[in-house]
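J.: Numbering-wise (my numbering), the sequence shown opens with residue 29 and increments by one.
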Amino acid sequence: QKRLDRAIAAVGDVDVHVRWRPFQLDPTIPPEGKDRREYMLAKFGSDERIREIHDRIEPLGEAEDISFAFDAIKVAPNTLDAHRLIRWAGAAGEAIQNRLVRRLFQLNFEEGADIGDHAVLVEAAREAGMDASVVASLLPTEADVEAVRTEIATASRMGISGVPCFLLEDKYAVMGAQDADTLADAIRQVAAAKARGELEKAG
29 QKRLDRAIAA VGDVDVHVRW RPFQLDPTIP PEGKDRREYM LAKFGSDERI
79 REIHDRIEPL GEAEDISFAF DAIKVAPNTL DAHRLIRWAG AAGEAIQNRL
129 VRRLFQLNFE EGADIGDHAV LVEAAREAGM DASVVASLLP TEADVEAVRT
179 EIATASRMGI SGVPCFLLED KYAVMGAQDA DTLADAIRQV AAAKARGELE
229 KAG
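1. Am I right that A147 and A153 are in contact with their C-beta atoms under 8 Å? What's the rounded C-beta distance?
2. Nearest by alpha-carbon distance to L135: which of G118, K102 and V191 is it?
3. Return helix, strand or coil for K30, following the three-state DSSP convention.
4. Shortest alpha-carbon distance to P59 belongs to which of E151, V176, D145 and I180?
5. According to DSSP, what are the bridge partners of M203?
6. Based on Cα-Cα distance, which residue from A100, I114, K199 and P105 lies nearest to E139?
7. Quick one, which of R64, R65 and D43 has its alpha-carbon nearest K222's?
8. Looking at the unbroken alpha helix (DSSP H) that takes in R77, where does it start and where does it end?
9. Helix, strand or coil for G225? Go by DSSP, reduced to three states.
10. Consult DSSP for A171 and reduce its assignment to one of helix, strand or coil.
11. What distance in whole Å lies between the Cβ atoms of M158 and I180, which are believed to be in contact at a cut-off of 8 Å?
So this is what it looks like as structure tokens:
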């Protein structure tokens, strides 16, 4: 998110609006989540391999002032309810949705909180400026469960298989953890194509 923020700042002459869409890397995780160490071992095979992955990611985080706390993460969460919350935040406004997403990233990666836990989600909603009582009443229901699953299925049909993925004007995808300059260039190119009327021609 910080790289995206810098990219948007770099293209100040382009009117950019951000909408966060759902995608689950592993929807098979149960609602209560899984023990993260066991989950990672099953996925990557050894503590050494897991450490290698963390060692590769941590310096990238430090460059963005992100202090990854992988050892503090005890639960591999099911993120469906977090995505429902992000959807509701979007209805409350772009700024609120951005604040919520930023807070959820912090909670998960820097504080080791379980973002599948409803209490954690309600507090994050409150901090982002949402009505926490409404969120608390909606989370235990099926509200927007199918809508979120439909969006995830649509993303899969579009060929999206991982995150991050940046979809520009619903047509052009920038895959992977790109640097701010690359994202800014992509935004400028799509904005220029839109100004020339080429997006409409592309269908």
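We treat Cβ as the ideally placed atom computed from N, Cα and C, and that holds for glycine.
T.: If we stick to the structure as given:
1. Sequence index remark: in the sequence shown, residue 147 carries index 119 (1-based). Sequence index remark: in the sequence shown, residue 153 carries index 125 (1-based). Contact doesn't hold; Cβ gap of about 11 Å is too wide.
2. Here residue 135 corresponds to residue number 107 of the sequence shown, with the count starting at 1. Ranking the options by Cα distance to L135, first place goes to K102.
3. For the purposes of this step, residue 30 is identified with residue 2 of the sequence shown, where counting begins at 1. It is helical.
4. Taking the sequence shown and counting its residues from 1, one reaches residue 59 at position 31. P59 has its Cα closest to that of D145, out of E151, V176, D145 and I180.
5. Your numbering for residue 203 matches position 175 in the sequence shown. Partner(s): C193.
6. As a position in the sequence shown, residue 139 is number 111, starting the count at 1. Looking at the Cα atoms, A100 is the closest of the given residues.
7. On the sequence shown, residue 222 is found 194 positions in, with the first residue counted as 1. K222 has its Cα closest to that of D43, out of R64, R65 and D43.
8. Residue mapping note: residue 77 aligns to position 49 of the sequence shown, counting from 1. Element bounds for R77: D75 to A91.
9. Numbered from 1 along the sequence shown, position 197 holds the residue referred to as residue 225. Three-state result, G225: coil.
10. In the sequence shown, counting from the first residue as 1, residue 171 sits at position 143. The answer is coil: DSSP assigns A171 none of H, G, I, E or B.
11. In the sequence shown, residue 180 corresponds to position 152, counting from 1. In the sequence shown, residue 158 corresponds to position 130, counting from 1. No, I180 and M158 are not in contact; Cβ-Cβ is about 22 Å, not under 8 Å.
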